[in-house]
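Student:
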Amino acid sequence: MRFLAIAQAEMRILARNRWLFMATLIMVLFALALTFAGSAPTGTLGVDMLTVSVTSMTTLSVYLAPLLALMMAFDAVAGDVERGSLGLLLSYPAGRGEILLGKFAAHLAALTIAMTIGFGAAGAIAAYMGGAGQDSVLALLRLIGTSVLLGGVFLTLGYMVSSLAKSATAAAGMAAGLWLIFVVLYDLGLLGAVVMDSGGWFTETLFPWLMVANPADAFRLWNIASSESVALASGMVGAASALPSWAAPVSLAVWPLLGFAFARLAFRRVEP
Amino acid sequence: MDKILEIQGLVKDRGKTRVLHGVDLTVSTGERVALLGHNGAGKSTLIKTVLGLTKMGGGSVKIAGYKPGSAAARADTAFLPEAVSFHPALTGREQLTLFARLAGQKADIAGLLERVGLADALDRRIGTYSKGMRQRLGLAQVLLGKPKLALLDEPTSGLDPISRQDLYAIIDELAAGGCAVLIASHALTEVEARTDRIAIMRKGHLVADDTLAGLSAKAGLRTKMRVRATSDADTLVKFTGGRRMNGASVEIEIDAAGKMDMLQKIAAMGGAVADVDITPPRLEDLYRHYAKEEMH
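Going down the list, the protein sequences come from chains V and P.
Going by the numbering used here, 11 is the number at position 26 of the first sequence; the sequence numbering is gapless.
Going by the numbering used here, 377 is the number at position 90 of the second sequence; the sequence numbering is gapless.
(1) Using a Cβ cut-off of 7 Å, which residues of the stretch 68 to 97 of chain V contact any Cβ in chain P, in chain order?
(2) Could you have a look at GLU540(P) and say whether DSSP puts it in helix, strand or coil?
(3) Am I right that THR36(V) and SER121(V) are in contact with their C-beta atoms under 8 Å? What's the rounded C-beta distance?
(4) Does any C-beta atom of chain V lie closer than 7 Å to the C-beta of SER503(P)?
(5) If we count Cβ pairs, one from each stretch, closer than 8 Å, do we get three or more for the stretch 316 to 332 of chain P versus the stretch 485 to 502 of chain P?
(6) In angstroms with no decimal places, state the Cα-to-Cα distance between THR517(P) and SER472(P).
(7) Assign TYR455(P) to buried or exposed, taking buried as 16 or more other Cβ atoms, counted over all protein chains shown, within 10 Å of its Cβ.
(8) Taking the straight line between their C-alpha atoms, what separation do you get for GLY220(V) and PHE252(V)?
(9) Enumerate, from N- to C-terminal direction, the unbroken alpha helix (DSSP H) stretches of 4 or more residues contained entirely within the stretch 66 to 120 of chain V.
(10) Taking Cβ positions only, does ARG249(V) come closer than 7 Å to chain P?
(11) So, for ALA397(P): in the same chain, excluding its five sequence neighbours on each side, which residues have a beta-carbon less than 8 Å away from its beta-carbon?
(12) Check the Cβ of PRO368(P) against every Cβ in chain V and list those closer than 7 Å, keeping chain order.
(13) Using a Cβ-Cβ cut-off of less than 7 Å, give me the residues of the stretch 312 to 325 of chain P that come near chain V, in sequence order.
(14) What are the boundary residues of the beta strand (DSSP E) that includes MET488(P)?
(15) Name the DSSP beta bridge partners of TYR353(P), please?
(16) With a threshold of 6 Å, establish whether the CB of PRO355(P) neighbours any heavy atom of the ligand PLP.
(17) Let's test the definition: count the other Cβ atoms within 10 Å of the Cβ of SER503(P) and tell me whether it reaches 16, buried, or not, exposed.
(18) If you pair each beta-carbon of the stretch 434 to 441 of chain P with each one of the stretch 365 to 375 of chain P, do three or more pairs fall below 8 Å?
(19) Quick one: does ARG388(P) have its CB under 7 Å from some CB of chain V?
(20) How long is the line joining the alpha carbons of LYS511(P) and GLU540(P), rounded to whole angstroms?
(21) Measuring only the C-alpha atoms, how far is SER183(V) from ILE84(V)?
(22) As a quick exercise: from LEU426(P), LEU377(P), ARG489(P), pick the residue whose alpha carbon is nearest that of ARG412(P).
(23) What residue does the beta strand (DSSP E) around ALA561(P) start on, and which one ends it?
(24) Look at the Cβ atom of VAL152(V), then the Cβ atom of ALA61(V), and state whether they are nearer than 7 Å.
(25) Beta-carbon within less than 7 Å of LEU573(P)'s beta-carbon, same chain only, minus the 5 sequence neighbours each way: which residues are those?
(26) Between PHE(-12)(V) and the rest of its own chain, which residues show a CB-CB distance below 7 Å, the 5 nearest in sequence each way excluded?
(27) What alpha helix (DSSP H) runs, 4 residues minimum, are completely inside the stretch 418 to 462 of chain P?
(28) Taking only beta carbons into account, state which residues of the stretch 391 to 409 of chain P come closer than 9 Å to chain V, listed in chain order.
(29) Answer yes or no: does any C-beta atom of chain V fall closer than 7 Å to that of ALA376(P)?
(30) What does GLU381(P) touch in chain V if you count any residue whose Cβ is under 8 Å from its own?
(31) May I ask you to report which of helix, strand or coil DSSP gives SER503(P)?
(32) Would you mind working out which of ALA358(P), GLU441(P), THR527(P) sits nearest LYS552(P), comparing C-alpha positions?
(33) Could you tell me the distance, in whole angstroms, from the CA atom of LEU195(V) to the CA atom of THR341(P)?
(34) Mind checking if SER372(P) is an interface residue toward chain V, Cβ cutoff 7 Å exclusive?
(35) Which two residues bound the contiguous alpha helix (DSSP H) that contains MET56(V)?
(36) What does DSSP give as the partner residue(s) for GLN295(P) in the beta ladder?
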């Protein structure tokens, strides 16, 4: 199990350079802030406070999970090339796939820790202050799980740009571009198209599928569609109901595999 | 002796430029071969090709019979990159443990680090190491397991003279254990005494590949003998046909083949000769000869 040796070393590096601590701290602070800020509308909607908290945190995670993942991943290949340590690593019997898998395992574990502690702490406080039902606890667990999956997608995309870029700086720029496209511009483009179309064939048929094809939107849809009360609190029932219930989970499950395949292909061409 | 590294007609193009022109080179078990050449002569490209890090354009490379970059070839090969670097956040012990696990070796990490003089820095982060210490750590990972082939790219860069001595002692040990060692280097005087064979590259061509003595003979560089007379240098000039240096000394330049004859002549002069110094062609002369020679 060579990838485990790499994963262990990478995990140690994440712990040593305070990455793990910083990522967890960011998650806790944002999750707590949103939980307290979002505590107002519980009465009017008739849902418990944990539900409102999960809804706010879903919106947060769409931005934060890809960002944290890309920040960890952009350096993974380009940084090793720049330091000059990749050539030596590749002279060992571990294959390139194993090296990527090792880094992925460590980075995904770090994301899992940060997400679980961050969302978990906010969820616990929301439940303590405003109550929680079985449905809302399930929604919280789903949020944590899907956030890790979403992060996983962007880890692999990060490795891809890290392999394609000529330097770590260029990789950072490309990672920022990826984030902007997937999280902001894609939705803006779709929104523009829907407005132009004004309720025609595009909006009725194609739009929901285009939306779920983007991992960030699939994440949003999955969390919202699966929980009636979350959907109610977010007011986004419409888009979710146009798709079969398997669409978002499948998209989010396929994307990490797809991303890993892309990253592996790009990494194959890297010559240290 | 088994041929461990076998390179035949290796060709490599970078874009439209050919950087390796049909290079042939073999290194056998226990052999220490120096690979010399200017910057850009193709030494690093050659090593990268052997490691399977870059694709070859033509020819064949075999490591203990395996293709470069194959799992079996990588398991048999140890590599020390030029100016090696590691992640600064790990300690020397952790870094070496990682390499040992990747190589599938149960190694005595502490013993290895002591062998390269890093016993005190075992549990310090590599970020605090000096350049020489990083180079030693790089050498420690070469010693992991029992490599059949060791590729060392400028191994002495950044090392002080004492460390260089240690390094060559370790290389000798490796070779004595049956490892085929290829050392790419600029440090001519070091490899001169420490290697069995010398290969010289020039603009992607292998222009020389022989022992030091063989290279001298081929280059036709002459051995210099300096003979000091007890009283009168004129007699010496007459007998040897040498060139008079000063009142008492004569310098004779001679082919390697004529060396013993000349020595006998000098010995026959008996008391007229006070002292004899013999200087064979140095690697530096040879290197200059081969690396600057125009291609035929």
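Beta carbons are placed, not taken as given, at the ideal position from N, Cα and C, and that holds for glycine.
None of the values given here were measured: they were computed from a predicted structure.
Tutor: Let's see:
(1) Result list: ARG68, GLY69, SER70, GLY72, LEU73, LEU75, SER76, TYR77, PRO78, ALA79.
(2) Three-state result, GLU540(P): strand.
(3) Confirmed, Cβ separation roughly 4 Å.
(4) No, SER503(P) does not count as interfacial toward chain V.
(5) Of all C-beta pairs linking the stretch 316 to 332 of chain P to the stretch 485 to 502 of chain P, three or more are shorter than 8 Å, placing the two stretches in contact.
(6) Their Cα atoms are separated by approximately 43 Å.
(7) Counting the other CB atoms within 10 Å of its CB gives TYR455(P) a total of 16 or more, which places it among the buried residues.
(8) Residue confidence is low: GLY220(V) scores 47 on pLDDT, short of 50, so the model does not pin down where it sits. No coordinate-derived value is stated.
(9) Runs found: 71 to 75, 81 to 115.
(10) It does not; no Cβ of chain P falls within 7 Å.
(11) In the same chain as ALA397(P), and ignoring 5 residues on each side of it, the C-beta atoms closer than 8 Å to its own belong to ARG380, ALA406, LEU409, in chain order.
(12) Chain-ordered, the chain V residues with CB closer than 7 Å to the CB of PRO368(P) read GLY69, GLY72, LEU73.
(13) Hits within the stretch: zero.
(14) It spans 484 to 489 - the beta strand (DSSP E) in which MET488(P) sits, taken as one unbroken run.
(15) Looking at the DSSP assignment, TYR353(P) forms a beta bridge with ILE350(P).
(16) In terms of ligand content, the structure shown is empty, and the ligand PLP therefore cannot be addressed.
(17) That one is buried.
(18) Below 8 Å, enough C-beta pairs join the stretch 434 to 441 of chain P and the stretch 365 to 375 of chain P to call them touching: three or more.
(19) True, the Cβ-Cβ gap to chain V drops below 7 Å.
(20) So the two alpha carbons sit approximately 5 Å from each other.
(21) Cα to Cα, the separation comes out at about 49 Å.
(22) Closest option to ARG412(P), Cα to Cα, is LEU377(P).
(23) Taken as a continuous stretch (DSSP letters only), the beta strand (DSSP E) holding ALA561(P) covers 560 to 566.
(24) It should be pointed out that residue 152(V) corresponds to Ser in this sequence rather than to Val. Contact flag unset, no.
(25) Hits under 7 Å: LEU502, SER503, ALA506, LEU508.
(26) Excluding residues up to 5 positions away in sequence, GLU83, LEU86, GLY87, ALA90 lie with their Cβ nearer than 7 Å to the Cβ of PHE(-12)(V) in the same chain.
(27) Counting whole runs of 4 or more residues, the stretch 418 to 462 of chain P contains the alpha helix (DSSP H) stretches 418 to 429.
(28) Listed by position, the residues of the stretch 391 to 409 of chain P near chain V (Cβ gap below 9 Å) are GLY391.
(29) For ALA376(P), a Cβ of chain V is located within less than 7 Å of the residue's own Cβ.
(30) From the beta-carbon of GLU381(P), the residues of chain V found nearer than 8 Å are ALA(-6), ARG(-3).
(31) Of the three classes helix, strand and coil, the one that applies to SER503(P) here is helix, per DSSP.
(32) Scanning ALA358(P), GLU441(P), THR527(P) for the CA closest to the CA of LYS552(P) turns up THR527(P).
(33) Cα-Cα distance, rounded: 40 Å.
(34) Nearest CB-CB separation between SER372(P) and chain V: below the 7 Å threshold.
(35) Residues 34 to 58.
(36) Under DSSP, GLN295(P) shares a beta bridge with SER347(P).
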